[in-house]
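Numbering (the working numbering), first residue to last: 1 to 307.
Glycine included, C-beta positions come from ideal geometry on N, C-alpha and C.
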């Protein structure tokens, strides 16, 4: 995630780092080359023997802009839903720890409460690793007792097994009278919310926007940008390359941004800062337990990227 301080509007016009321009710059140069070729060929051949109306390209561009608007709305909706799910994870983790610490008959420094808190932290990190297809073992062994971390590290769906461990804690507390039935139901409901969050994230990860839809928009954008100089050269002359590149930049940038936001759990600059969110959850739960030595908060790197 790019975390950039506010900058002056004029400097923003020339921002390179963090913008989408580096990703599409080679494609813009290709469009520029095609437009220059059209202008040169048109000048030396006195036209192509055909008349292309600018109005036709205007109608196609309008339709393409509408489709791109829907495409970006769909992608941003997935991105924002993912962010809300991780915000809900933080809320539910805090609620479960608060209920365990303040409403059970266990003392605040009891080993079972300590392990319960560790499991909540491990759930966030395990879900992060599952969504990013990375190795979770380092965080599991850091957060959990060795036997439990070893047991969890060999299963396929670690977040689900962490929820099972949390549910077993609730079951033991209920059977031994440490919590009553009302508190048991309330805490179990929060566990169900964590399961819903996991399922929601998995749904976003495994269900991209239909491929055929993406291919259609991609092809239409490039065909439009390549053919656009033919419609502009009669009326715009030597300004055709400049106008074509500007229009191509708008369409290609919108498509690239939509593709980037479609799957928000990766490592691209505009993806969610899952490591930072997990560290926030860890620090918050440790502070609720009364810990004074907390791991450092994640800060943006020199390129303003928060991982």
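Residue i versus the options, residue with shortest Cα-Cα distance
i: residue 174; options: 250, 100, 201, 94; result: 100
i: residue 204; options: 269, 91, 79, 233; result: 79
i: residue 68; options: 298, 220, 293, 263; result: 220
i: residue 260; options: 191, 278, 74, 232; result: 74
i: residue 145; options: 170, 249, 114; result: 114
i: residue 229; options: 241, 222, 218; result: 241
i: residue 76; options: 202, 271, 24; result: 271
i: residue 185; options: 109, 96, 226; result: 96
i: residue 216; options: 13, 43, 63, 141; result: 63
i: residue 183; options: 90, 98, 274, 284; result: 98
Residue environment, residue i, which counts as buried when at least 16 other CB atoms sit within 10 Å
i: residue 130; result: buried
i: residue 176; result: exposed
i: residue 168; result: exposed
i: residue 92; result: buried
i: residue 37; result: exposed
i: residue 119; result: buried
i: residue 71; result: buried
i: residue 190; result: buried
i: residue 179; result: buried
i: residue 279; result: buried
i: residue 65; result: exposed
i: residue 117; result: buried
i: residue 223; result: exposed
i: residue 267; result: exposed
i: residue 287; result: exposed
i: residue 291; result: exposed
i: residue 55; result: exposed
i: residue 301; result: exposed
i: residue 25; result: exposed
i: residue 264; result: buried
i: residue 82; result: buried
i: residue 281; result: buried
N- and C-terminal bounds of the alpha helix (DSSP H) containing residue i
i: residue 229; result: 211-236
i: residue 16; result: It is not in any alpha helix (DSSP H) - residue 16 carries neither H nor E in the DSSP assignment.
i: residue 57; result: 54-103
i: residue 276; result: 274-288
i: residue 194; result: 181-206
i: residue 254; result: 240-262
i: residue 112; result: 111-132
i: residue 150; result: 146-153
i: residue 159; result: 158-175
i: residue 140; result: 137-143
Exercise. Hey, is the segment 124-144 in contact with the segment 99-113, meaning 3+ C-beta pairs nearer than 8 Å?
Worked result: Contact fails: fewer than three Cβ-Cβ distances are below 8 Å.
Exercise. Three or more beta-carbon pairs under 8 Å between the segment 117-129 and the segment 155-169, yes or no?
Worked result: In the pairwise beta carbon analysis, the segment 117-129 is classified as touching the segment 155-169: at least three pairs are separated by under 8 Å.
Problem set entry | Three-pair Cβ contact test at 8 Å for the segment 240-259 versus the segment 20-36 | With a cut-off of 8 Å, the segment 20-36 and the segment 240-259 count as touching, because enough Cβ pairs lie within range.
Exercise. Three or more beta-carbon pairs under 8 Å between the segment 15-30 and the segment 206-218, yes or no?
Worked result: No, the segment 15-30 does not touch the segment 206-218.
For this session: Pair every Cβ in the segment 83-94 with every Cβ in the segment 189-197, then say whether three or more of these pairs are closer than 8 Å.
Result: When C-beta atoms of the segment 83-94 are compared with those of the segment 189-197, three or more pairs fall below 8 Å, so the two segments count as touching.
Exercise. Would you call the segment 249-260 and the segment 227-239 in contact, with 3 or more CB pairs under 8 Å?
Worked result: No, the segment 249-260 is not in contact with the segment 227-239.
For this session: Check whether the segment 144-155 touches the segment 52-62, counting contact only when three or more Cβ pairs, one atom from each stretch, lie closer than 8 Å.
Result: Three or more beta-carbon pairs separated by less than 8 Å are not found between the segment 144-155 and the segment 52-62, which leaves the two stretches without contact.
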